[in-house]
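Note that our numbering has the sequence shown beginning at -8, numbered continuously upward. Note that CB positions come from ideal geometry on N, CA and C, so glycine has one too. This structure is a prediction, so every number in the text was calculated from the model and none was measured. Comments concern the structure below.
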Amino acid sequence: MEDSAQTQEAIEQEIMAAAGVRKKLKIWMLIGILVPVLALEVFASRALVKSLFFAPPSPEKHEAAGGTEPGEFYAISDLVVNPAATGGRRHLLVSVSLEYHDPLLKEELEKRDPQIRDNLITLLAGQESAVLTDIRYREAIRQSLLKAVNYYVQGGEIEKLYFTKYVFQ
-8 MEDSAQTQEA
2 IEQEIMAAAG
12 VRKKLKIWML
22 IGILVPVLAL
32 EVFASRALVK
42 SLFFAPPSPE
52 KHEAAGGTEP
62 GEFYAISDLV
72 VNPAATGGRR
82 HLLVSVSLEY
92 HDPLLKEELE
102 KRDPQIRDNL
112 ITLLAGQESA
122 VLTDIRYREA
132 IRQSLLKAVN
142 YYVQGGEIEK
152 LYFTKYVFQ
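As structure tokens, then:
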């Protein structure tokens, strides 16, 4: 009886050892399958998100904006303005450069320089200091000034306006 009990225990130990090996084998097989599948999913989702949300600009838009070559520039320097509601205690010093691709615009910009300067000064002087100092409004100010310049330009269009100096004191 002792012999059969020992044999029975030995068989149970072998079965348990085999089951442990099988469990370890199953775990390693599972890891060996899941890790590459998860890695593939991560790379696929990254590629999908990149292609959907970060697509390169279309060639039509790029060509419409004048391609990669910068245009010509016309500088309007040192506009000094007392902003609204400052009582003359604060001032803004601004210089801008206007980008265009039509070479005929230079002559028109030179001819209309006083009108353009006056319009830009009027627009900037109408803004309160909180708007002029807050970076969140900078793009809105830029677009407003660009519209004001394009109002006087008849032979083409100014495409971009760059602030080359922007000092508020």
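Taking the DSSP output, what are the residues bridged to residue i?
i: I107; result: Its beta-bridge partners do not exist; DSSP assigns none.
i: E63; result: Y91
i: A75; result: E119
i: L84; result: V71, V158
Thinking C-alpha only, which one of the options is nearest residue i?
i: Q160; options: A139, L123, V140, I149; result: L123
i: I107; options: L25, L16, S86; result: S86
i: L137; options: D125, I112, R127; result: I112
i: E161; options: L70, E5, I149; result: As shown, the chain starts at -8 and ends at 160. That puts residue 161 outside it, with no answer to give.
i: S88; options: E5, T77, F154; result: F154
i: L114; options: V71, M20, V40, V28; result: V71
i: L162; options: R37, K156, I2, T(-2); result: Past the boundaries of the shown model lies residue 162; the chain is included only from -8 to 160, so the question cannot be answered.
i: E60; options: K102, Y91, E101; result: Y91
What is the C-beta distance between residue i and residue j, in whole angstroms, given that I count them as a contact (C-beta under 8 Å)?
i: G147; j: D109; result: Wrong, their Cβ atoms sit about 21 Å apart, outside the cutoff.
i: L152; j: V140; result: 7 Å
Quiz item: Residue ranges of each alpha helix (DSSP H) run of no fewer than 4 residues wholly in the segment 118 to 156, ordered along the chain?
Solution: 120 to 124, 129 to 143
Quiz item: Are the segment 63 to 79 and the segment 22 to 32 touching, with three or more C-beta to C-beta distances below 8 Å?
Solution: no
Quiz item: When the Cβ atoms of the segment 112 to 121 are set against those of the segment 130 to 140, are three or more pairs found closer than 8 Å?
Solution: yes
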